[in-house]
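J.: If you read the protein sequences in the order shown, they are chains B and S.
Okay, so the first sequence: first residue is 1 according to the numbering used here, each after it adds one.
Okay, so the second sequence: first residue is 1001 according to the numbering used here, each after it adds one.
Quick reminder that beta carbons are idealized off the backbone N, C-alpha and C, glycines included.
Bear in mind the structure is a predicted one, so any value in this text is a computation, not a measurement.
Protein chains: 2
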Amino acid sequence: MTIAPTATGPHVLRRINATAVLDALRSTDGMTARVAALVAATGLSRPAVSRALAALADVGAVEFLVTEDNGVGRPAQRARFRAECGHVAGIDLGPHKLLVTLADLAGTVCAERRVATPYGVAGPEAAGLLRTALAEVAADAGLEPTALWAVTVGTPGVVDVERGEVVLAPSIPGWAGLPLLAELRDWLGCPVLVENDVNLAVAAERWRGPAEDNLLYVHWGERIGSGIVIDGKPHRGASSAAGELGFVDLATPLDEEPAPVVEGLGPFERLVGARAILALATERCTGPLRETLRSSGDVAVLFEAAAIGDEEAVSVVRTVARRFARGLATHLLALDPECVVVGGGVSGAGDVLFDAVRTELARMLLTPVELRISALREKGVVLGAIRMSLDTAEQRLAGML
Amino acid sequence: MTIAPTATGPHVLRRINATAVLDALRSTDGMTARVAALVAATGLSRPAVSRALAALADVGAVEFLVTEDNGVGRPAQRARFRAECGHVAGIDLGPHKLLVTLADLAGTVCAERRVATPYGVAGPEAAGLLRTALAEVAADAGLEPTALWAVTVGTPGVVDVERGEVVLAPSIPGWAGLPLLAELRDWLGCPVLVENDVNLAVAAERWRGPAEDNLLYVHWGERIGSGIVIDGKPHRGASSAAGELGFVDLATPLDEEPAPVVEGLGPFERLVGARAILALATERCTGPLRETLRSSGDVAVLFEAAAIGDEEAVSVVRTVARRFARGLATHLLALDPECVVVGGGVSGAGDVLFDAVRTELARMLLTPVELRISALREKGVVLGAIRMSLDTAEQRLAGML
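(1) Of all the options S:L1250, S:I1230 and S:R1082, which has the alpha carbon lying nearest to the alpha carbon of S:L1397?
(2) Mind pulling the chain B residues with CB within less than 8 Å of S:T1319?
(3) Checking contacts by CB at 8 Å: is B:I277 closer than that to chain S?
(4) Beta carbon of B:L366, beta carbon of S:A1116: below 8 Å?
(5) Which word fits S:E1360, buried or exposed, when buried means at least 16 other C-beta atoms lie within 10 angstroms of its C-beta?
(6) Using a Cβ-Cβ distance under 8 Å, would B:N199 count as near chain S?
(7) Would you kindly work out how many angstroms separate the C-alpha atoms of B:L134 and B:V59, rounded to a whole number?
(8) Comparing C-alpha positions only, which one of B:H235, B:A169, B:L13 and B:F354 sits nearest to B:V121?
(9) Using a beta-carbon distance below 8 Å, is S:M1400 in contact with chain B?
(10) Using the rule of at least 16 other Cβ atoms within 10 Å of the residue's Cβ for burial, across every protein chain shown, is B:I386 buried or exposed?
(11) Comparing the C-beta of S:G1343 with each C-beta of chain D, is any distance below 8 Å?
(12) Around the C-beta of B:P210, are 16 or more other C-beta atoms found within 10 angstroms, so that it is buried, or is it exposed?
(13) So is S:H1096 buried or exposed if we call it buried at 16+ other beta carbons inside 10 Å?
(14) Can you find a C-beta in chain B that's less than 8 Å from the C-beta of S:F1081?
(15) If the cut is a Cβ gap below 7 Å, which residues of chain B does S:H1331 touch?
(16) To which residues of the same chain is S:V1039 closer than 8 Å at the C-beta, ignoring the five residues directly before and after it?
(17) When the cut-off is 8 Å and only beta carbons count, does B:N214 lie next to chain S?
(18) Here's a check: name, in chain order, each residue in its chain whose Cβ is nearer than 8 Å to the Cβ of B:P118, leaving out the five neighbours to either side.
(19) Rounded to the nearest angstrom, how far is the Cβ of S:G1380 from that of S:A1204, given a contact under 8 Å?
(20) Could you say if the segment 1370 to 1384 of chain S and the segment 1189 to 1204 of chain S meet the contact criterion of at least three C-beta pairs nearer than 8 Å?
(21) Counting pairs of beta carbons, one from the segment 1236 to 1250 of chain S and one from the segment 1216 to 1228 of chain S, are three or more of them closer than 8 Å?
(22) Do you know offhand how far S:G1030's Cα is from S:G1157's?
(23) Does DSSP classify S:A1033 as helix, strand or coil?
(24) What's the gap between the Cα of S:R1051 and the Cα of S:W1149?
(25) Identify the contact partners of S:R1206 in chain B, using a Cβ-Cβ distance below 8 Å as the criterion.
(26) DSSP has B:L148 in a bridge; who is on the other side?
(27) In chain order, what residues of the same chain have a beta carbon less than 8 Å from the beta carbon of B:R318, not counting five sequence neighbours either side?
(28) Helix, strand or coil for B:T252? Go by DSSP, reduced to three states.
(29) How is S:W1220 classed by DSSP in three states: helix, strand or coil?
(30) Scan the segment 1219 to 1247 of chain S for residues whose Cβ lies nearer than 9 Å to a Cβ of chain B and list them as they occur along the chain.
(31) Within its chain, find whatever has a CB closer than 7 Å to the CB of B:P337; leave out the 5 residues flanking it on each side and keep chain order.
(32) Using 8 Å for Cβ pairs, my map puts S:T1155 next to S:D1197. What's the rounded Cβ distance?
(33) Would S:A1055 and S:E1063 qualify as a contact pair, given that the criterion is a beta-carbon distance under 8 Å?
(34) How far does the alpha helix (DSSP H) with S:T1319 in it extend, from its first residue to its last?
(35) Does S:T1359 come within less than 8 Å of chain B when only Cβ atoms are used?
(36) Who pairs with S:D1092 in a beta bridge, going by DSSP?
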């Protein structure tokens, strides 16, 4: 086997060393460290670390700070990772809303904007709204949108990540293909990635939350979907369609013909998604609670009423918990994960709902499973999108060395 | 890092070479090859191959055959793998039957015995039956049972493979712990492994059938369970309880409290396992068909009647197909495998049943999936058990070199 000349030599070694030094620097407190600490952390020689820092400073990724002389010797020089040398964006493009977030290369969020959109808007109109929102958050951060290093769009549906396309999005008419991606790529001139929103929420969970190697993440909002992590890696399935909890059908009576799967919400989403919960609560509750549910259109009203002991609300919550547990149990019986993390709007209900879900689940499973509410709530998708953008930005930075 | 002296040196090299030569020999037609062919297949030198063959001959794993001189030169010597130098057993220990199979080190089955057992017998009585059956198959093969190199027992339930114990077997009272394993180990003095029967059927499918890297194997008999292969590896789950399709509950009406999971068959097994199908057919069919179902107690009668167009039978088969598809769909929505392979007794029904299952599934899934009937039928578990025993036997052979 011959080794390609580009894959070896002092140039490649320098890049490998610089990447090692950068990784060590970024994992220190304040992303600032003395040369001696980087020598210890990387195992490289002092001259090698100094050369790597100089290369990083050349591309603007590192600056040198001089510490006050404490009287003992010469002032010590410290290197700082300039996280502000580049920025990435994460976008959560749902059927009802657009959430745009900007972060620096350390993943620190520097600007954020939320826009309500007409249901399912995905074409030129959405591209316009997205362009405006992106320009606004960039301005907040003192940047041109074209200065971004990478953008990741999280969307419902089955996504071909390699080709950067939405293959299938049954819950949103007209979404497949997602024409606004091409427009975004033309405008920004940087990589524009696309990924299933639930997969991004899973990535965020593993980035910012406790990181079980075998977990099921469930998004529970108007839509219901799940992301699977097995042995630390996302499990996408043969057609990128694993974890489609929203299409489990519990509502069709046993021997009746289930409605064929078409565009629109799946059977489990129609049974126990946020809108279905609101409809059930409005139907079963009476008096002022019903009025508040109707006028606010907010399912949180139900959970607040249940939390203070309203009997009608408690009864509806119990029904919702049982229905949700029955669907979730089918996934758990298949997968047997260490842990279930629930995110999305309904996860905000808290333990008044989830204690009931846990009780129901225990009856349906052979082995116990931990169920936890995501600490990221509705920020999971954008944070995961930022994480994916950062991975691309890091490749760009390595390429500059 | 220091390298342990036992892990290197000429002795280890000889063992590695001998294993390479053995692998090459076993993968040739008739497991017989000339030295020149083994030199070509392994990349080793001719003296190294000759030394390896001599070492294998010393332990009885290889013999030399002399080909007739064809007049052109000296007679060519060929080496043959003596698959008969060792034997292993595979056992399928179900709640109703015991299937014991013996194979040589090439995996060729040389004797086999099937014993009906009283339901769920797992203690001293089963140990007696098993001892008798094993002694009989060994005698058929001209062996003492204590001459076996390895034995693998396939059983229902959740198995701790590392510790060689049955942790949980809800479908069979008294099965957990499986006391006959200890007795078997004392008697035979060779490794006695234990594994979940469905996982063994999956291993057999990958050994003897087409080998998709992402498949769901479903055992459909009186019990229903599944084994999952992801990226070529079995997925067992955090508590070794993945793939418990038999415990999916479709029968409990939506808002009723499901019965708690206890020992006994799971809800999906009670709905559409072989015994449930027989009960449904006996209830819904009339006339001579009903009588034959009742007297034979064999669900195959139903499928044969449906195959020749009996309207009542066709209607029952359609109901069974829909119920089975609804349960299976919940696993497929979670896992999205390339392919589903169905084995177990009900898989013998053939396309009269499975064409209906395929039609129903297509309505319930977002992406198509191939569904195929296992070619191994009820032999899957014992073949998988033999495969697992062979893996252990190969370690023993390597240790002898």
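T.: Taking the definition as stated:
(1) Cα-wise, what sits closest to S:L1397 is S:R1082.
(2) Near S:T1319 (Cβ distances below 8 Å), the residues of chain B are D255.
(3) Not closer than 8 Å to any Cβ of chain S, the Cβ of B:I277 fails to qualify, so no.
(4) no
(5) buried
(6) no
(7) 26 Å
(8) Of B:H235, B:A169, B:L13 and B:F354, the residue nearest in Cα terms is B:A169.
(9) no
(10) buried
(11) The chain labelled as chain D is not found among the protein chains of the depicted structure, namely B and S.
(12) exposed
(13) exposed
(14) no
(15) Residues of chain B with a Cβ closer than 7 Å to the Cβ of S:H1331 are, in chain order, A334.
(16) S1045, R1046 and V1049
(17) yes
(18) So the qualifying residues of the chain are E125.
(19) Correct: roughly 5 Å between the Cβ atoms.
(20) yes
(21) yes
(22) Straight across, the Cα-Cα distance linking S:G1030 with S:G1157 is about 38 Å.
(23) strand
(24) 25 Å
(25) The premise fails here: S:R1206 is roughly 16 Å from chain B at the closest Cβ pair, so nothing lies under 8 Å.
(26) None, per the DSSP bridge assignment.
(27) A356
(28) DSSP places B:T252 in coil when its eight states are reduced to three.
(29) strand
(30) Here the close residues are S1226, I1228, I1230, D1231, K1233, H1235, R1236, G1237, A1238, S1239, S1240, A1241, A1242, G1243, E1244, L1245, G1246 and F1247.
(31) Excluding positions up to five away in sequence, the list reads N214, L215, L216 and V369.
(32) With a Cβ gap of about 6 Å, S:T1155 and S:D1197 count as contacting.
(33) No, they are not a contact pair.
(34) Element bounds for S:T1319: E1311 to L1335.
(35) No - not a single Cβ of chain B is within 8 Å of the one on S:T1359.
(36) Answer is S:L1099 and S:G1154.
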